[in-house]
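Protein chains: 2
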Amino acid sequence: MNSLDIFRDIEPQLQAVEQELLNSITTDVPVLKEASVHLVKAGGKRLRPAFVLLSGSFYCSTLDSLIPLAVALELVHVATLVHDDVIDNSLTRRGQETVKARWGNRISLYSGNYILARSLCLIATYDRADIIDILATVSMKVCEGEIIQMLTCYDVGQSYKDYLRRIERKTALLMALSCQSGALVGGAPADKVRALKRFGYYLGMAFQITDDVLDFVASEEVLGKPVGSDIRQGIITLPALYALRESEEKEVLASILSSPEKCVHEAEKAISIVLSSGGIDFALEVAKSYAEKARSLLRSLPEACAKSVLDKIAEFVVTRDF
Amino acid sequence: MNSLDIFRDIEPQLQAVEQELLNSITTDVPVLKEASVHLVKAGGKRLRPAFVLLSGSFYCSTLDSLIPLAVALELVHVATLVHDDVIDNSLTRRGQETVKARWGNRISLYSGNYILARSLCLIATYDRADIIDILATVSMKVCEGEIIQMLTCYDVGQSYKDYLRRIERKTALLMALSCQSGALVGGAPADKVRALKRFGYYLGMAFQITDDVLDFVASEEVLGKPVGSDIRQGIITLPALYALRESEEKEVLASILSSPEKCVHEAEKAISIVLSSGGIDFALEVAKSYAEKARSLLRSLPEACAKSVLDKIAEFVVTRDF
Chain A
-17 MNSLDIFRDI EPQLQAVEQE LLNSITTDVP VLKEASVHLV KAGGKRLRPA FVLLSGSFYC
43 STLDSLIPLA VALELVHVAT LVHDDVIDNS LTRRGQETVK ARWGNRISLY SGNYILARSL
103 CLIATYDRAD IIDILATVSM KVCEGEIIQM LTCYDVGQSY KDYLRRIERK TALLMALSCQ
163 SGALVGGAPA DKVRALKRFG YYLGMAFQIT DDVLDFVASE EVLGKPVGSD IRQGIITLPA
223 LYALRESEEK EVLASILSSP EKCVHEAEKA ISIVLSSGGI DFALEVAKSY AEKARSLLRS
283 LPEACAKSVL DKIAEFVVTR DF
Chain B
-17 MNSLDIFRDI EPQLQAVEQE LLNSITTDVP VLKEASVHLV KAGGKRLRPA FVLLSGSFYC
43 STLDSLIPLA VALELVHVAT LVHDDVIDNS LTRRGQETVK ARWGNRISLY SGNYILARSL
103 CLIATYDRAD IIDILATVSM KVCEGEIIQM LTCYDVGQSY KDYLRRIERK TALLMALSCQ
163 SGALVGGAPA DKVRALKRFG YYLGMAFQIT DDVLDFVASE EVLGKPVGSD IRQGIITLPA
223 LYALRESEEK EVLASILSSP EKCVHEAEKA ISIVLSSGGI DFALEVAKSY AEKARSLLRS
283 LPEACAKSVL DKIAEFVVTR DF
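Same order as they appear, the protein sequences are chains A and B.
What the first sequence shows, in the numbering used here, is residues -17 to 304, in sequence order.
What the second sequence shows, in the numbering used here, is residues -17 to 304, in sequence order.
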């Protein structure tokens, strides 16, 4: 199954999102336009727009009114990616040249800021201070998450809780926001808004843990970046944290992961220790339990096409590409 | 006269702004807190908060309700400064070590983003989609301005209009927004909001032109950075543009300003050509004419203490530090 199959029911709306993403780049400064369009076109799964549309559809008969919000939340996501690239010095993302590689740091930084401002324009059209406030609060926590990720690089003493807190800020909160704001604009009652927000949160946790597993086990072709790039950057994810506790070679692993030089030059060794430790299965079990929590939250929602689609997404997220 | 004398009438409110600026940094991630507090404390003239308070005071008896807005607009300004430092590799600003110099690029970038998000939280409390929309639109134009500034470095063929369009986006629009949003929250009628917005715009133009003149003629102590730092970075401002047209040594100047190497190594020569060309007086005349336009807009406003203060600021901006 691929994501297109799942999203078949909202395909016309997702195509409209795709078009509006490009239409949203209205600047007449050519290089800013090119860089922003490149960023938006580099694409991705458009999970956040899908969450907005699906969460909004339970109590709203036409999805058209949700499209600007769906576009806005994808723009927020795209902006965080380009800012990551400024810092990480990444040359490719999703198999494509990054804006930083092609246009340099200044264009990348301001393209990110421009896209964020554009997103805010779209959200302002709803005249909903509550959504602005949630967006701003989530944005602050995303910044905190980025800094925490930096501070915990090469830190082999970090706890599972440190890891979970980090991926919450990196991924889960924006997915929760997508579901929550979609539900709010779609007119869902407060308890259903809360259920959808929590659905997005748990699904985001499952999604990021699975992403972190894929960094160990997927092919470079699927990842669009080299395998083991987290290890190479000193980012210690759940499979590695498990191996640091349970592997017979945990001391060797700790000596590699605590050293920036060894993370680069002995990455293969570290990966092989993690793979043989059972860390992958452990992480996948944790991801599945988050996905199950997400699915259980759907039960309180009214029967609707979106309900079965969200259920399928929750199933898909933890089984993709294996 | 110094800015403290001018601002005497709103001193209690400006002190409250100062306190709330620090209170606004609520993160419990220590390094993010330290960097953000450092940024906010590095201070500056707090012109934007003063404009919010003064513009809001014409139709509003208590200024307390304007303080979160004043804080928010100063935070937007501070965030643009830290993002500039990421890119410019500046080690000092206003005589203080930059966040980038002390904490590195990643902390700088995300501190800027964090401060922007914090600003948005404060603005959301007003439940005014119109202000969010204006802020987002101005933010997009600020990004365009930064990129245009980059693209026009070393470009000795740029026109006066190119320069004016650049400083509009770099400075004048945010000052216009400060006056406009202050007036909106303060309950001013539409025509007075428009007058105050235009006042901020013209004053911002006068302010930036004067700043660009100071880069040639002020002491390093006053500037908090080396004299001629614009020239060294290839940023061609109004005095240099004049000299490129009118100086007897315009060919020599053009050969320096079009070369990144010469801009660094022959900056003193370029500065001396600009100083002897009459470019400083020309730029100051242009600044004064913008300041006069600003002052004339005050005439339509009701008699109030803020009116004479704004008038004094407009006078001060083009006469400071000479």
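Glycine is no exception: its CB is placed at the ideal position from the N, C-alpha and C atoms.
Note that this is a predicted model, so its numbers are computed, not measured.
{"Query": "Within chain B, partners of Thr119(A) - CB distance below 8 Å", "Result": "Ala99 and Cys103"}
{"Query": "Under 7 Å by beta carbon: chain B residues contacting Met132(A)", "Result": "Arg88"}
{"Query": "Proximity below 7 Å, CB of Leu220(B) to CB of Tyr145(B)", "Result": "yes"}
{"Query": "Residue-chain proximity (Asn95(B), chain A), Cβ-Cβ < 7 Å", "Result": "yes"}
{"Query": "7 Å Cβ cutoff, Leu14(A) in contact with chain B", "Result": "yes"}
{"Query": "Alpha carbon of Ala118(A) to alpha carbon of Glu233(B), nearest angstrom", "Result": "51 Å"}
{"Query": "CB-CB length for Ala54(A) against Ile105(A), believed under 8 Å", "Result": "5 Å"}
{"Query": "Runs of alpha helix (DSSP H) wholly within the stretch 111 to 147 of chain A (minimum 4 residues, chain order)", "Result": "111 to 133"}
{"Query": "Partner residues on chain B for Leu3(A), Cβ-Cβ distance less than 8 Å", "Result": "Correct list: empty, because the minimum Cβ distance to chain B is about 16 Å."}
{"Query": "Length of the line joining the Cα atoms of Ala111(B) and Thr107(A)", "Result": "7 Å"}
{"Query": "Burial state of Asn5(A) (16 or more Cβ within 10 Å)", "Result": "exposed"}
{"Query": "Where the stretch 104 to 115 of chain B meets chain A: residues whose CB sits under 7 Å from a CB there", "Result": "Ala106, Asp109, Ala111, Ile114 and Asp115"}
{"Query": "Best match in Pro208(A), Gln215(A), Val120(A) and Arg84(A) for proximity to Met133(A) [C-alpha to C-alpha]", "Result": "One point to set straight first is that residue 133(A) is Leu, not Met, in the sequence displayed. Looking at the Cα atoms, Gln215(A) is the closest of the given residues."}
{"Query": "Proximal residues of chain A, C-beta to C-beta of Leu91(B) below 8 Å", "Result": "His65, Val68, Ile69 and Leu91"}
{"Query": "Where the alpha helix (DSSP H) containing Ser186(B) begins and where it ends", "Result": "Sequence inspection shows Gly at residue 186(B); the Ser mentioned does not correspond to that position. Ala172 to Val199 is the extent of the alpha helix (DSSP H) around Gly186(B)."}
{"Query": "Residue span of the alpha helix (DSSP H) that contains Lys294(A), given as start and end", "Result": "Cys287 to Val299"}
{"Query": "Same chain, Cβ closer than 7 Å to Val120(B), neighbours up to 5 away in sequence not counted", "Result": "Leu155, Leu156 and Leu159"}
{"Query": "Chain A contact residues for Val11(B), given Cβ-Cβ distances below 7 Å", "Result": "Glu126, Ile129 and Ile130"}
{"Query": "Residue span of the alpha helix (DSSP H) that contains Tyr92(B), given as start and end", "Result": "Asn87 to Ala106"}
{"Query": "Cβ distance (whole Å) where Phe40(A) is taken to contact Gly168(A) below 8 Å", "Result": "6 Å"}
{"Query": "Glu230(B) (DSSP reduced to helix, strand or coil)", "Result": "coil"}
{"Query": "Where the alpha helix (DSSP H) through Pro242(B) begins and ends", "Result": "Pro242 to His247"}
{"Query": "Contact list for the stretch 154 to 177 of chain A against chain B, Cβ threshold 7 Å", "Result": "none"}
{"Query": "7 Å Cβ cutoff met for Pro31(B) and Glu(-7)(B)", "Result": "no"}
{"Query": "Range of the contiguous alpha helix (DSSP H) that encloses Asp10(A)", "Result": "Run containing Asp10(A): none; DSSP gives neither H nor E here."}
{"Query": "Nearest neighbour of Val81(B), chosen from Val13(B), Ser47(B) and Glu126(B) [CA to CA]", "Result": "Val13(B)"}
{"Query": "Through-space distance from Tyr136(B) to Pro242(B), alpha-carbon basis", "Result": "7 Å"}
{"Query": "Sequence-distant residues of the same chain with beta carbon closer than 7 Å to Val19(A), five excluded per side", "Result": "Leu4 and Ile7"}
{"Query": "Chain-order list of residues whose beta-carbon lies under 7 Å from that of Leu280(B) (same chain, five-residue window excluded)", "Result": "Phe181, Lys289, Leu292 and Asp293"}
{"Query": "Top-ranked residue by Cα proximity to Leu27(B), from Gln(-3)(B), Asp10(B) and Cys42(B)", "Result": "According to the sequence as given, residue 27(B) is Lys; it is not Leu. Minimum Cα distance to Lys27(B) is reached at Gln(-3)(B)."}
{"Query": "Contact belief for Ala165(B) with Ser37(B) at Cβ below 8 Å, rounded distance in angstroms", "Result": "5 Å"}
{"Query": "For Arg277(A) and Ala265(A), believed in contact at Cβ under 8 Å, the rounded distance", "Result": "19 Å between Cβ atoms; not a contact."}
{"Query": "Cβ pair Ala17(A), Ile89(A) closer than 7 Å", "Result": "yes"}
{"Query": "Status (buried if at least 16 other CB within 10 Å, exposed otherwise) for Val195(A)", "Result": "buried"}
{"Query": "Cβ shell of Val161(B) (< 6 Å), same chain only, five flanking positions each side left out", "Result": "It is Cys, not Val, that sits at residue 161(B) in the sequence shown. Once the five neighbours on either side are set aside, the close Cβ partners of Cys161(B) are Phe33, Ser37, Leu178, Lys179, Phe181 and Gly182."}
{"Query": "Cβ shell of Val175(A) (< 7 Å), same chain only, five flanking positions each side left out", "Result": "Gln162, Ala165 and Leu166"}
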